[in-house]
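Taken in sequence, the protein lines are chains A and B. Here the first sequence is numbered in the UniProt record's numbering, starting from 1 and rising by one per residue. Here the second sequence is numbered in the UniProt record's numbering, starting from 1 and rising by one per residue. We put the CB at the ideal spot given by N, CA and C, even for glycine. Values in this document were obtained by computation on a predicted structure and should not be read as measured data.
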Amino acid sequence: MQWEAVIGLEVHTQLTTRSKIFSGAATAYGAEPNTQACAVDLGLPGVLPVLNADVVRMATMLGLAIDARVARRSVFARKNYFYPDLPKGYQISQYELPIVAHGHLDISVDGDSKRIGITRAHLEEDAGKSLHEDFSSCSGIDLNRAGTPLLEIVSEPDLRSAKEAVAYLKKLHQLVVYLGICDGNMQEGSFRCDANVSVRPRGQAEFGTRAEIKNVNSFRFVERAIDYEIERQIELLEGGGRVVQETRLYDPDRDETRSMRGKEEANDYRYFPDPDLLPVLVSDEFVDGVRATLPELPAVKLARFRADFGLAEYDAETLTAERGTADYFEAVVAAFGGEAKLCANWVMGELAAALNRAGLDIAASPVSAAQLAGLLRRIHDKTISGKIAKDVFAAMWDGEGEADAIIAARGLVQVTDSAAIEALIDEVLAANGKQVEQYRGGQEKLLGFFVGQVMKVSKGKANPQQVNDLLLAKLKG
Amino acid sequence: MHTKTLAELARGLAAGEFSSRELTAACLARIDAHDGVLNSFISVSAERALAQADAADARRRAGAAGPLTGLPLAHKDIFCTRGVKTSCGSKMLDNFVAPYDAAVVERCDAAGLVMLGKTNMDEFAMGSSNESSYYGPVKNPWDLAAVPGGSSGGSAAAVAARLVPVATGTDTGGSIRQPAAMCGITGIKPTYGRVSRYGMIAYASSLDQGGVLAHSAEDCALLLGVMAGFDVRDSTCAEAPVPDYTATLNDSLAGLRIGLPREYFGAGLDADVARAVEAAIDEYRRLGAEVVELSLPNAELAIPAYYVIAPSEASSNLARYDGVRFGHRCAEPRDLLDLYTRSRAEGFGTEVQRRILVGTYALSAGYYDAYYLKAQQIRRLIRDEFLQAFTQCDLIAGPTAPSVAFDLGEKADDPVALYLADIYTVAVNLAGLPALSLPCGFKGQRPIGLQLIGPAFAEGRLLNAAHAYQQVSDWHRRMPQAFA
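Written out as structure tokens, the structure is:
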């Protein structure tokens with residue numbers, strides 16, 4: 001039988017506010033346990049939540065970016081359940097009336113593009129953390145994370161493969177980072193994903209029973225977890241079994257999903273509107289104001305890079321993958337005044353490699369966009385060769401100054417004087433009589449050897465094209 | 001000094017007839033002498049009070065005293081006080097000392113008021129007789145065999161017995177007005193949102209409101225002026241400006257339209273209570289008010305709606321008392337579930353457990369629409385009905401409670417009978433309106449209360465009407481024999 005997978009993703013994005021969603025405590029990651037939890041976060045008697053207005057702005061940004069409806073009125077509810085890291089005994093979360101609904105995101109897999117529906121995005125507070133290690137037979141509770149603002153983004157079950165799921169996830173990740181509403185750090189849990197996976201015979205309209213895979217914290221693991229789960233369900237069904245609706249946990253060490261708890265043990269969360277908070281009212285003026293602050297979105301930027309700079313799809317995609325890279329690239333082109341393809345090659349090549357080696361973000365690049373443009377100008381006007389340019393770049397990286405200064409100080413200006421180059425060629429040919437004879441005897445591939453020798457004696461400064469042309473003339477002559 | 005109202009004591013302090021320290025010491029001495037019988041206080045913070053009194057006297061000498069600087073008060077033990085235990089009448093919080101002050105406490109402190117201690121109350125404000133307190137029942141100063149009403153029974157009894165001139169309270173379904181009526185004093189529940197709920201331990205968040213229990217409308221006006229006002233820490237707190245409630249106390253009542261809802265004078269109302277209320281309304285006619293008969297046909301739905309909404313919110317509000325971070329924790333829990341169930345079973349009394357169960361049930365999947373949602377619909381009906389009524393009248397008057405204070409233990413085994421005694425008060429909370437109870441007579445030794453209900457933010461009008469009545473009556477000046 002032909003099987004088809006049906007996948008929907010729930011993504012928790014931690015918003016980049018400085019303080020928590022309902023209190024003034026800081027949200028910075030990695031502080032000593034329980035040092036960033038105030039009376040509100042601890043759920044002490046009598047304290048009350050006050051909504052951080054910044055989260056409404058951020059949710060509105062996402063809503064506009066995915067072409068969704070931004071609710072003019074949304075409501076916070078209480079989701080009631082007992083857990084030691086849930087201080088109030090309920091989580092404040094939007095339930096019936098979320099702030100964002102009916103959006104979509106376009107993905108492309110193997111050249112085919114597809115529109116993925118986004119059912120809703122709602123605001124909620126995060127819980128604390130239970131720490132089960134380092135406490136002999138006890139659990140520790142760290143409430144630093146309690147009250148951290150989350151925007152939960154729920155997709156329609158429109159995804160049909162792990163590949164599509166990852167493409168969607170990457171697109172969404174790119175978008176929230178572009179918008180500046182999430183730092184996208186998956187290790188620290190700023191961008192977490194739950195996947196609902198089911199399979200059905202191809203052609204069947206109804207969905208199969210789904211399992212929910214919790215908290216998969218890298219793109220690679222999402223792909224592997226979903227693939228594993230699809231395989232597991234198909235095997236189960238083909239073996240005459242049935243899939244039970246349950247929550248499963250992905251174990252990256254063993255590359256498998258394991259049952260965590262069945263839905264039959266599911267809580268009745270007794271949702272009701274939180275009487276401590278007023279409905280969130282959003283005006284048209286507010287939405288228009290937020291729209292005016294939206295950055296250029298990745299898809300628009302990509303199209304513009306292709307059209308304005310004449311870049312290939314791959315180059316445009318690479319350069320727009322991160323907003324910082326795109327901004328840097330545009331700054332190089334602007335400083336240079338054109339030659340986008342040359343600029344693109346250097347940003348994606350030499351610069352990207354150096355940043356990667358040093359583990360640096362492009363925003364922290366030791367070579368500024370203007371500096372790089374200065375170097376590229378000298379390649380373009382043939383002052384230096386591409387090979388020498390790499391040395392100059394390395395010197396710039398090490399802080400030796402502008403390209404022109406380095407070229408001058410090191411005497412790296414390319415030799416384009418034909419007479420001078422001919423003198424070098426004569427010198428090389430004289431010293432390699434045997435190879436000259438062999439060449440003239442028909443071994444024309446020796447040309448490369450002569451070019452190399454000439455470049456060597458010129459210390460790399462001779463114009464390679466001229467060396468080539470003049471050599472040919474001399475050898476043939 | 002104990003026979004004086006807050007306003008009179010303020011004039012005495014201002015005139016230098018006595019110091020805040022002398023006044024505070026006198027109150028502490030009365031608490032010492034009488035509270036063994038009454039049990040109206042859970043904590044008496046004498047040292048803190050005397051230090052505050054000294055600071056108030058210094059402030060007065062420096063010429064920086066406000067109108068209430070140096071005057072003593074007591075806070076219901078539902079308001080968090082930094083450094084002084086806040087128990088909420090529960091074993092669950094018997095060990096709880098808040099690291100912050102409630103907004104109400106902050107405002108009273110800033111005005112220079114001197115806190116004598118924290119008053120007894122029904123556990124988590126759930127009760128109408130003050131019998132559900134972990135710290136034992138409070139006695140009614142007028143008749144020690146009677147309940148003082150609840151849940152602000154400690155505050156009402158302490159004021160009625162002249163242990164303290166004024167006290168704060170909270171009112172979720174009548175918890176200020178009903179004990180005020182039963183103890184023969186004046187109590188005001190302001191409009192929902194008028195007083196910040198920050199630091200006031202939640203029972204039912206959409207209904208809870210802090211207010212005042214005092215001897216007179218004038219005293220209520222003085223303290224409410226200090227307590228009311230916007231607080232950014234409470235999202236449901238109103239931004240409306242706070243008028244000077246004392247400035248309008250003496251306005252004329254000529255032309256004031258007082259509405260009498262037929263439903264408030266029907267079956268179940270004690271005949272003596274009815275007579276006293278009608279006599280008070282006659283007095284209002286003499287003061288120039290015009291009496292309008294009207295109908296609130298959904299009034300009887302208020303009790304069932306209230307006893308769904310309040311427990312629902314309570315079941316969630318009280319989930320934080322789980323033995324994990326603060327409050328009572330059972331000894332040697334076997335596992336997490338045992339920690340939860342035993343801590344809560346030991347820490348909460350019967351009435352609190354009953355309401356948590358009712359609320360949990362009402363919010364459960366499959367019941368939510370039939371109970372919680374339906375109750376919210378009734379709530380809207382009741383609010384609309386009041387809005388409609390206030391197009392025909394300026395104030396609504398009626399009895400505060402269907403009878404005078406009942407005997408201690410009389411309804412202890414019959415929770416529904418106890419709930420039904422809230423018939424005239426709960427609708428006001430559902431509608432978020434301000435209301436006041438003032439004394440208007442006695443049945444035997446036990447006082448009778450008249451309730452006045454106003455439109456939202458009409459506290460000034462309520463206090464004006466109550467003050468006018470108190471200028472031509474002396475019920476509010478009478479004192480229980482045993483505490484005279």
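Check: Using a Cβ-Cβ cutoff of 7 Å, what residues of the stretch 82–96 of chain A are near chain B? List them in chain order.; Outcome: Phe82, Pro84, Pro87, Lys88, Gly89 and Tyr90
Check: Tell me, to the nearest whole angstrom, how far the beta carbon of B:Pro439 is from that of B:His476; I am working on the premise that it is less than 8 Å.; Outcome: 5 Å
Check: For B:Pro399, report the span of its beta strand (DSSP E) as first-last.; Outcome: Leu395 to Pro399
Check: Check B:Phe79 in the structure and name its three-state DSSP category.; Outcome: strand
Check: If you reduce the DSSP assignment to three classes, tell me which class A:Ile234 lands in.; Outcome: helix
Check: Just the Cα atoms here: how many angstroms apart are A:Leu297 and A:Ile107?; Outcome: 14 Å
Check: Which residue or residues does DSSP assign as beta-bridge partners of A:Asp251?; Outcome: A:Glu256
Check: I need the straight-line Cα distance from B:Arg285 to B:Ala156, nearest angstrom please.; Outcome: 29 Å
Check: Going along chain B, which residues have a C-beta under 7 Å from A:Val282?; Outcome: Those within 7 Å of A:Val282 in chain B number zero; the least Cβ separation is about 16 Å.
Check: Based on the DSSP output, what are the partners of A:Tyr90 in its beta bridges?; Outcome: A:Asn80
Check: Over what stretch of residues does the alpha helix (DSSP H) that includes A:Leu62 continue unbroken?; Outcome: Ala53 to Ala65
Check: Determine, for residue 555 of chain B, whether the minimum Cβ-Cβ distance to residues of chain A falls below 8 Å.; Outcome: There is simply no residue 555 of chain B to check, as chain B begins at 1 and stops at 484 in what is shown.
Check: Are the beta-carbon atoms of B:Gly460 and B:Thr168 separated by less than 8 Å?; Outcome: no
Check: So is A:Lys434 buried or exposed if we call it buried at 16+ other beta carbons inside 10 Å?; Outcome: exposed
Check: For A:Phe272, would you say it is in contact with chain B, using Cβ-to-Cβ distances shorter than 8 Å as the test?; Outcome: yes
Check: Give a yes or no on whether the minimum CB-CB distance between A:Val50 and chain B is below 8 Å.; Outcome: yes
Check: Tell me the DSSP secondary structure of B:Thr24 in three-state form.; Outcome: helix
Check: Pull out every residue of the stretch 80–108 of chain B whose Cβ sits closer than 8 Å to any Cβ of chain A, in chain order.; Outcome: Cys80, Thr86, Cys88, Leu93, Phe96, Ala98, Pro99, Tyr100 and Ala102
Check: Output needed in chain order: residues of the stretch 287–317 of chain B with a Cβ under 7 Å from some Cβ in chain A.; Outcome: Ser312, Glu313 and Ser316
Check: Figure out for me which residue from A:Thr416, A:Asp417, A:Ile388 and A:Ala419 has the closest Cα to the Cα of A:Asp404.; Outcome: A:Ile388
Check: Comparing the C-beta of A:Asp276 with each C-beta of chain B, is any distance below 8 Å?; Outcome: yes
Check: Residues of the stretch 178–209 of chain B in Cβ contact with chain A at a cutoff of 8 Å, in chain order, please.; Outcome: Arg197, Tyr198, Gly199, Met200, Ile201, Ala202, Ala204, Ser205 and Ser206
Check: How about B:Glu278: is its Cβ closer than 7 Å to a heavy atom in the ligand FAD?; Outcome: The model on display carries no ligand, and the ligand FAD is accordingly not part of it.
Check: Of the choices B:Pro165, B:Ala314, B:Phe442 and B:Ala102, whose alpha-carbon is the least far from that of B:Arg354?; Outcome: B:Ala314
Check: If we cut at 8 Å on Cβ distances, does B:Leu322 have a partner in chain A?; Outcome: It is Asp, not Leu, that sits at residue 322 of chain B in the sequence shown. Closer than 8 Å to some Cβ of chain A, the Cβ of B:Asp322 qualifies, so yes.
Check: One question on the structure: do B:Glu123 and B:Val147 come within less than 8 Å of each other, judged by their Cβ atoms?; Outcome: no
Check: Roughly how many whole angstroms lie between the Cα atoms of A:Leu64 and A:Arg291?; Outcome: 7 Å
Check: Is the separation between the beta-carbon of B:Tyr203 and that of B:Ala125 shorter than 8 Å?; Outcome: yes
Check: Which one of A:Val199, A:Asn144, A:Leu15 and A:Phe309 has the shortest CA to CA distance from A:Ala121?; Outcome: A:Leu15
Check: Find the residues of chain A that neighbour B:Thr236, judging by a C-beta separation of less than 9 Å, and give them in chain order.; Outcome: Leu48, Pro275, Asp276, Leu277 and Leu278
Check: Which residue from B:Val226, B:Asp384 and B:Leu93 puts its Cα closest to that of B:Ala427?; Outcome: B:Asp384
Check: Check distances from the C-beta atoms of the stretch 27–39 of chain A to those of chain B and list, in chain order, the residues that come in under 9 Å.; Outcome: Ala39
Check: Chain A partners of B:Ser175, CB-CB under 9 Å?; Outcome: The contacting residues do not exist; B:Ser175 stays about 16 Å from chain A at best.
Check: With 8 Å set as the bound, which would you pick, yes or no: does the beta-carbon of A:Pro149 sit closer than that to a beta-carbon of chain B?; Outcome: no
Check: Less than 8 Å between CB atoms is the rule here; does A:Leu297 satisfy it with respect to chain B?; Outcome: no
Check: Does the stretch 26–43 of chain A come close enough to the stretch 174–181 of chain A to have 3 or more Cβ pairs within less than 8 Å?; Outcome: no
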